[in-house]
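Novice: Have a look at the structure that comes next, please.
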Amino acid sequence: MYHHVVKPGLAEQGWLHSAMLELTYACNLDCFFCYNDRGLRGRRLELNDYLSLLDDLAAMQVLFLCLTGGEPLVHKDFFAIGRAARERGFVIRIKTGGHGLRGRIAERVKREVDPLETEISLHGATRETHERQTRVAGSFDRLIDAIPELVELGLRPRFVTTLTAWNEHQIADMFALADRLGVPLRFQGPVGPRDDGDRTPLQIQPSTEGWTTLLAIAAERRTRTVADMECAPVPSQNGARKKGVCGAGTDEVLIDPFGSVFPCLHLRSAAGNVHDESIRDIWRSHVFRDARRLSRDAADRVEREGPLSILGAPMYCPGLEQKGCSCSSQPDTFSDRLTTIGGRPSSMSALHAHEDEKYAHAP
Amino acid sequence: MTQTDLSLSEDVRFRVVPDGCVVVNQQDSTIAVVNRVGGQVLAWIRDGHMAREELVRSLATTWGIEPSRADRDLGAYLDELVELGWLVGES
Chain G
-13 MYHHVVKPGL AEQGWLHSAM LELTYACNLD CFFCYNDRGL RGRRLELNDY
37 LSLLDDLAAM QVLFLCLTGG EPLVHKDFFA IGRAARERGF VIRIKTGGHG
87 LRGRIAERVK REVDPLETEI SLHGATRETH ERQTRVAGSF DRLIDAIPEL
137 VELGLRPRFV TTLTAWNEHQ IADMFALADR LGVPLRFQGP VGPRDDGDRT
187 PLQIQPSTEG WTTLLAIAAE RRTRTVADME CAPVPSQNGA RKKGVCGAGT
237 DEVLIDPFGS VFPCLHLRSA AGNVHDESIR DIWRSHVFRD ARRLSRDAAD
287 RVEREGPLSI LGAPMYCPGL EQKGCSCSSQ PDTFSDRLTT IGGRPSSMSA
337 LHAHEDEKYA HAP
Chain C
42 MTQTDLSLSE DVRFRVVPDG CVVVNQQDST IAVVNRVGGQ VLAWIRDGHM
92 AREELVRSLA TTWGIEPSRA DRDLGAYLDE LVELGWLVGE S
């Protein structure tokens, strides 16, 4: 019901459902492929700005709120923002490098913010591979040591790994490590350019063999990968819905530390700034309308040309293509791996089954 | 006036949207949809509108149904929410 009716309905009716707040670009790791534009300057959002923004988002019935960065935990008001988000009834996700998430900090996150899940970046199955990416000695052991504590606290840690040339030989080992720790692992990609246009991170793009290996292992494990990105269906000309391949502009906003609002991670054309306009007005701006058109065009293109690959990954991203990243047909080695790989969250439909026709005219 | 001892579980987060009410239960990481009436009842409970008779009256008035039927449906609904762990306490 949620995935097939409500979520597509929200997208079609133009309801904002999720917001991602990049609280800061500061970080206690120094990842080689970090895409943040750390040279960006501007007027930062202060705590009061965040409180007003959260009020507006809650009034718009936004349900999902992701706190990310940089490293969100190093933001001076992280806990105040997290508490405010919890009080306003958001389902909170935290994306973190995990370096500071332990001990009292971890206890406070659980007690005060209580996220639905805590997504932690894992860059390899060994110290050498992980720290080649983070460029912080000791970060691997520190992370792995903290995981049992995070599980015990109920922070619901999950690993996310960006497939790179540096870790593609450790895919199975990373799954084994995650299994041993009792933590789910998902892969993402491709490695994109930085937001300031620097293409240095593309040097560590994984190989086609790396993606093929990942797809094979993921299929065997019935784990989702970027190949199974869950995008809202898009309306076609005859009114029917077709499978979406890009969610840009449909039901999510991304807000940077300076208040600029974007349709997605890769479409860095600001629709407005919450210092100057309400998020409600920005959500109605032409930038979001254009992004929705882009996502419809993406679905049309994939329907016309078949599965596409961006930067060698088994997915299509018009935002990355606009940044000049190469797009091509998917290699044959991907095609037999892209069967439906399961794993949607279970859905409780018991109450829906009790919907009564007497309420059919409910407003 | 009969008071309920029910309260919304801290693990339950929800929003009322055009096609219903989306409910996430963080306890078991599940997502569900109830209709807008069910969502409105959850909102009333969240906002401290806890007296059973008050809920019945609001339900009957808002949706123009007989109070007896609203009472019966509300009872069944609250029982179900308790069973799901969305409400804690007794109705």
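In order, the protein sequences belong to chains G and C.
Numbering follows our numbering, in which position 29 of the first sequence is assigned residue number 15; successive positions increment by one, without gaps.
Numbering follows our numbering, in which position 79 of the second sequence is assigned residue number 120; successive positions increment by one, without gaps.
Virtual Cβ for every residue (Gly too), placed ideally from N, Cα, C.
None of these values were measured; they are calculated from a predicted model.
1) Taking C-beta to C-beta, are G/ASP242 and G/GLU8 nearer than 8 Å?
2) Give the residues of chain G in contact with C/VAL82, contact being defined as C-beta atoms less than 8 Å apart.
3) Alpha carbons only, please: which of G/ARG79, G/LEU31, G/LEU39 and G/LEU40 is nearest the one belonging to G/HIS61?
4) Report yes or no: is there a C-beta of chain C within less than 8 Å of the C-beta of G/MET6?
5) Nearest-angstrom Cα distance between G/TRP10 and G/THR82?
6) Could you check whether the Cβ of C/GLY116 sits closer than 8 Å to any Cβ belonging to chain A?
7) So with CB distances below 8 Å, who are the chain G contacts of C/PRO59?
8) Kindly indicate which three-state DSSP category G/PRO58 falls into: helix, strand or coil?
9) For the candidate residues G/GLY258, G/SER264 and G/GLY233, whose alpha-carbon lies nearest to that of G/LEU251?
10) Determine the chain G residues that contact C/ILE86 at a beta-carbon separation under 7 Å, and present them in chain order.
11) Whose C-beta lies closer than 8 Å to the C-beta of G/TRP152 among residues of the same chain, with five residues either side of it excluded?
12) Would you mind sorting G/PRO300 into buried or exposed? The rule is 16 or more other CB atoms within 10 Å of its CB.
13) Using a Cβ-Cβ cut-off of 7 Å (strictly less than) and excluding sequence neighbours within five positions of G/ALA284, which residues of its own chain qualify?
14) Distance check for C/LEU119 and C/ARG53, CA to CA, integer angstroms please.
15) At a cut-off of 7 Å, would you count G/ARG118 as near the ligand SAM, judging by its Cβ distance to the nearest heavy atom?
16) Counting C-beta neighbours from all protein chains within 10 Å, is the total for G/ILE91 16 or more, i.e. buried, or is it exposed?
17) Assuming G/ILE106 and G/GLY84 make a contact with CB atoms under 8 Å, what is their CB distance in whole Å?
18) What three-state label does DSSP hand G/PHE248 in the structure shown?
19) Which chain C residues are close to G/PHE76, counting only those with a beta carbon under 7 Å from its beta carbon?
20) Using a beta-carbon distance below 8 Å, is G/VAL(-8) in contact with chain C?
21) Can you tell me where the alpha helix (DSSP H) holding G/ALA284 begins and where it ends?
22) For G/ARG142, which three-state DSSP category applies?
23) Give a yes or no on whether the minimum CB-CB distance between G/LEU49 and chain C is below 8 Å.
24) Sort out for me which residues DSSP pairs C/GLN67 with in a bridge.
25) G/LEU253 by DSSP, collapsed to three states: which one?
26) So which residues on chain G does C/MET74 lean against when the C-beta distance must stay under 7 Å?
27) Determine which residues share a DSSP beta bridge with G/ASN259 and list them.
28) Is the shortest distance between the beta-carbon of C/VAL123 and the beta-carbons of chain G less than 8 Å?
29) Using a Cβ cut-off of 8 Å (strictly closer), state whether C/PRO65 contacts chain G.
30) Based on the DSSP output, what are the partners of C/SER109 in its beta bridges?
31) Could you give the distance in angstroms between the alpha-carbon of G/ARG270 and the alpha-carbon of G/ALA202?
32) According to DSSP, simplified to helix, strand and coil, what is G/VAL137?
33) Rounded to whole angstroms, what is the Cα-Cα separation between G/THR194 and G/LEU149?
34) Note down, in chain order, each residue of its chain lying with its Cβ closer than 7 Å to the Cβ of G/LEU37, except the 5 sequence neighbours on either side.
35) Would you report the Cα separation of G/THR147 and G/GLU154, rounded to the nearest angstrom?
Specialist: A quick look at the data gives this:
1) yes
2) Simply none; closest approach about 11 Å.
3) G/LEU31
4) no
5) With the sequence shown as reference, residue 10 of chain G is identified as Thr, and Trp is not the correct amino acid for it. Rounded to whole angstroms, G/THR10 to G/THR82 spans 12 Å at the Cα level.
6) In the displayed structure, chain A is absent; the protein chains listed are G and C.
7) GLY(-5), LEU(-4), GLN(-1) and TRP1
8) helix
9) G/GLY233
10) Neighbours of C/ILE86 on chain G: none; closest Cβ ~13 Å, over 7 Å.
11) HIS109, GLY110, THR115, ARG118, GLN119 and ILE190
12) buried
13) VAL231, CYS232, TYR302 and PRO304
14) This sequence places Val at residue 53 of chain C; Arg is not what is there. Each residue's Cα considered, the two are about 14 Å apart.
15) As far as ligands go, the structure on display features none, and thus does not contain the ligand SAM.
16) exposed
17) 4 Å
18) strand
19) ARG54
20) yes
21) 272 to 291
22) coil
23) yes
24) Its beta-bridge partners do not exist; DSSP assigns none.
25) coil
26) Contrary to the premise, residue 74 of chain C reads as Val rather than Met in this sequence. Under the 7 Å cutoff, chain G gives MET(-13), TYR(-12), VAL(-8) and HIS338.
27) G/SER246
28) no
29) Inspection of the sequence shows that residue 65 of chain C is occupied by Val rather than by Pro. Yes - at least one Cβ of chain G is within 8 Å of the one on C/VAL65.
30) Answer by DSSP bridge pairing: none, since C/SER109 is not bridged.
31) 41 Å
32) helix
33) 11 Å
34) ALA70
35) 10 Å
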